[in-house]
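Inspection log for the structure reproduced underneath, given as structure tokens.
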Amino acid sequence: MGKKWLLVITLLVSSCSTLAIYNWNSNYGVNNPFAFDQPRSGGSISFQKDVKPILDNRCVVCHACYDAPCQLKLGSYQGIIRGASKNYIYGTRLLAAETSRLHHDAQLPSQWRQKDFFPVLNERRNSAEANVHASVLAQMLIQKQEHPLPVTRTLPDSFDFQLHRDQQCTNIENYASYKKDYPLWGMPYGLPGLNTTEHDTIMKWLEEGAPYDDTAQVTPSLQAQIKKWETFFNQDSLKAQLMSRYMYEHLFLAHLYFEDSSNPVFFELVRSTTPPGYPIDLIATRRPFDDPGVKRVYYRLRAVEDTIVLKTHLPYLLNSTRMEKWNKWFLAADYEVTKLPDYRTKNASNPFRTFEQIPSYARYRFMLEEAQFTIMGFIKGPVCRGQIALNVINDYFWVVFIDPETNKHELSDKFLSEHANDLQLPAEESSNAGILNWIAYAKQERDYNKKRVKELNQHIGKDILVDLNILWDGDGNNDNAALTIFRHFDSATVVKGLQGKTPQTAWVVSYPLLERIHYLLVAGFDVFGNVGHQLNTRIYMDFLRMEGEFNFLTLLPIDSRKPVRDQWYRGSLNSVKEHIYEYANNYHGSTSIKYKTDNPLQELYDKLQLHLSPVSNKDHHLSQGTTKTHKPLSKLNSLVGIAASIMPQTSILEVVGNDGKLEYYSILSNSAYTNISHLLGAEERRLPKEDTLTVTRGIVGPYPNVLLRSSQSDLPLFIESVYGLRTEKDYQTMLDQFAIRRSSIEFWEYSDRLHQIQLDQDPIRFGRLDYNRLENR
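Residues 18 to 794 (the numbering used here) make up the sequence shown, in order.
Structural data, given as structure tokens:
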């Protein structure tokens, strides 16, 4: 009986679906998946001038990355005509998923239809009526106008703002049911609607068939720069070809720009089957080191079409100075490339094997020169929701680097080549890996570090003194020498300079460590990979973090290292403790730094700041703000405990000066844990009484949790409110006084003001924020 009823229900559902499609076909014509393969033109509304600015300011702030609801990316015309998908990128899966990267894995809307993407524009009869009634995008906007947000402090529980919420990805045939079930879920979701002018502009564009006008033109100056750099990347010598392969595998996520760009145009470095001077024929592989399938690869510059958003923006300057350095390190240097390496995964996933013919000094200099970019790769890449990589790092720590001159002695090319097998990375298993493969990598990594420590013991105290001079000082002028990383749950931010005075931990990074981080979490990581791939990646990153922390601890007196280790690894599993303690037991070096206090860890932090102060970037220091603002706000940097834990991880504070001028600050809550070496149970390891706040000038963090506003004269009251936080009620009271909630009628005005000021102040590094993590409190 049960099977019969199941069959009946299945037939009824199928019949209803068939009837719905019949009605749509009857009213608006048969669906045509090729409708936008050739973009429509004409119309009274310009996409570039009229529509795109509205989408950028109202829609891209939620629809710009892999974590965009229903994979609907609205930062380019190509993203709109691609449409949406019910497939969920994030999650645990036994087998790797098919990749769905916009601009890479398909080029035409009809190709995306074959990959389970459905249209949000009308792909039926091209008439004004059909273009509105048969468009999900149009209907979502109309629904918002018909059902605006209720006038209330917090939105009803019918809204779901959880990151892993069940997404309702409706096509037009099922839209009526969606609207009935979720009347308040028009677009923008959970935010105020468009104003009348904005709404009418987009609706008029949709009525006219969503035409496209590509007004972007490459100026003669840009064309000359493109030709210059494509010539550089495509030289014929074996040495040059190997150099370009190395650079591509490190720059494939970069937003490249040229020095003379007053209004920057960004490019990406891609692989093509065609040489410069011909249209790009994209080689789209899952990873940048995968086999391109052609005898000769050409490296080309392709304009970035998507709206720049802060969470994926990795600006990288190409200028004559950089080209001179690359020529010096890679082409003029005295070494020979006798044969180009192959693309077999086991070899290609291991940079120490693939690029062993290039001196490690050149490779390290290349990565150091833009160390912030290198580190940001694993934090700000297109993954967008990086909890796999980021729940293995602390909320607030410093990063400094071994000097490349010291690196020549510490780990030679010969040493790295001899032990390349020990440096094999999980990406060699591709995207379908076994969940126990990490055991083999743990053994290899342990073997490597035994040999590494043995090598260090032979040099420490002889040709290497362990003091602050082993750290790279940026050659006296490069502010990439000192970085601070702030984690915001499943995202993070890398800023230049050593922010604050007492980070939770610190890393000293050498070339082999920096390279492995990149090939583990950037070049080798696949967000579409299976659970084994993600697990192996996460566990291996645990080892790399411990290596960086071990390097830092060697700067401390021998008798001070164990207490710090014990503090950093409280409650860790025995296997984790054994790993880090094994370093310590085998390493015999002592520091040459002279300590004077009974708190050598804090003394070391202070010495680091003083040593690197000449090149340490201070853009985010509070001192760069108005005195009447930064002095009172500095008090929040001393806050420790429950009040800090109640504050959201990332807050943006707009301060209105007495003269009407605006300043922006970020307030970051740094969560404390007994340790971060466990895969699960993060809440059980929380130490809220040790939580702290860090206040920085400017915007730090692409995902604000709350937007705040205070006059300069009310700052003492705001600071008092934060210090007084003890309960959720206290927090709500503070928000009532100072927050611009997602339901506020002032929300878009605040957002536009914030973005415009950031754009005016720094057009190179500007990117729009993402509002997917805004609280509803």
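The beta-carbon is built from N, C-alpha and C at its ideal position, and this holds for glycine as well.
What you are looking at is a predicted structure, and each value in this text was computed from that prediction instead of being measured.
Taking just the CA atoms, how far does residue j sit from residue i?
i, j, result
"Y378", "P421", "7 Å"
"N143", "Y206", "28 Å"
"E276", "V470", "43 Å"
"W222", "S761", "28 Å"
"V287", "L732", "49 Å"
"P574", "T362", "43 Å"
"Y557", "L154", "43 Å"
"F545", "A301", "15 Å"
"L724", "V137", "31 Å"
"N474", "E387", "30 Å"
"V30", "M204", "Legend: pLDDT at V30 = 48, less than 50; position of this residue unreliable, value from coordinates given subsequently. Those two C-alpha atoms are separated by around 28 Å."
"R759", "P209", "7 Å"
"V712", "D779", "20 Å"
"A509", "F755", "25 Å"
"A241", "D496", "30 Å"
"I419", "F383", "14 Å"
"I477", "G606", "6 Å"
"G294", "V235", "14 Å"
"L80", "E225", "First, the amino acid is wrong: residue 80 is His here, not Leu. Cα to Cα, the separation comes out at about 23 Å."
"E115", "P50", "21 Å"
"N411", "A689", "8 Å"
What does a CB cutoff of less than 6 Å around residue i pick up in its chain, not counting 5 residues either side in sequence?
i, result
"F250", "S261 and Y316"
"D73", "T324"
"R790", "Y720 and N722"
"P296", "none"
"Q156", "Y192"
"Y352", "P376"
When the Cα of residue i is compared with those of the options, which residue comes out closest?
i, options, result
"K611", "G517, T116, D484 and T709", "D484"
"G677", "S727, N280, R578 and I410", "S727"
"S577", "A601, T218, G588 and L561", "A601"
"L710", "D787, S630, H505 and T391", "H505"
"N212", "G310, L385, K245 and Q162", "Q162"
"N692", "D559, L172, Y45 and Q160", "D559"
"F569", "R555, Y528, Q584 and T522", "T522"
"Q619", "K518, K579 and Q128", "K518"
Going along the chain, which residues of its own chain have a beta-carbon closer than 7 Å to the beta-carbon of residue i, five neighbours each way excluded?
i, result
"M340", "F249"
"Q95", "L119, H120 and E322"
"N139", "A147, N148, A151 and S152"
"T643", "G674 and E680"
"T218", "I62, D67, V68 and I71"
"L28", "The pLDDT assigned to L28 is 46, lower than 50, so where the model puts this residue is not dependable, and the model offers no usable value."
Whose C-beta lies closer than 8 Å to the C-beta of residue i among residues of the same chain, with five residues either side of it excluded?
i, result
"T750", "S738"
"C87", "A101, S102, K103, Q184 and C186"
"Y598", "R582"
"N454", "P443, E446, G549 and N553"
"E373", "D430, L433, S434 and A437"
Using a threshold of 8 Å, state whether the C-beta atoms of residue i and residue j are closer than that.
i, j, result
"N654", "Q729", "no"
"K328", "P70", "no"
"H267", "E285", "no"
"L318", "V282", "no"
"H637", "R714", "yes"
"Y740", "A660", "yes"
"P358", "E532", "no"
"F347", "I375", "yes"
"L685", "V717", "yes"
"V326", "R785", "yes"
"N442", "Y536", "The amino acid at residue 442 is misidentified as Asn; the sequence shows Leu. Yes, they are a contact pair."
"N48", "R141", "yes"
"V539", "L299", "no"
"I392", "V417", "no"
Have a look at the DSSP bridge pairing and note the partners of residue i.
i, result
"Y598", "DSSP output for Y598 lists no bridge partner at all."
"W415", "T501 and A523"
"V153", "Answer is none; V153 lacks a bridge partner."
"R288", "Y316"
"T711", "L685"
"E680", "V672"
"L511", "Reading the sequence as shown, one finds Val at residue 511 and not Leu. Its beta-bridge partners are I502."
"I481", "I477"
"Y333", "L273"
"Y690", "R703"
Is the closest heavy atom of the ligand GTP to the C-beta of residue i under 7 Å?
i, result
"L537", "This structure simply doesn't include the ligand GTP, nor any ligand for that matter."
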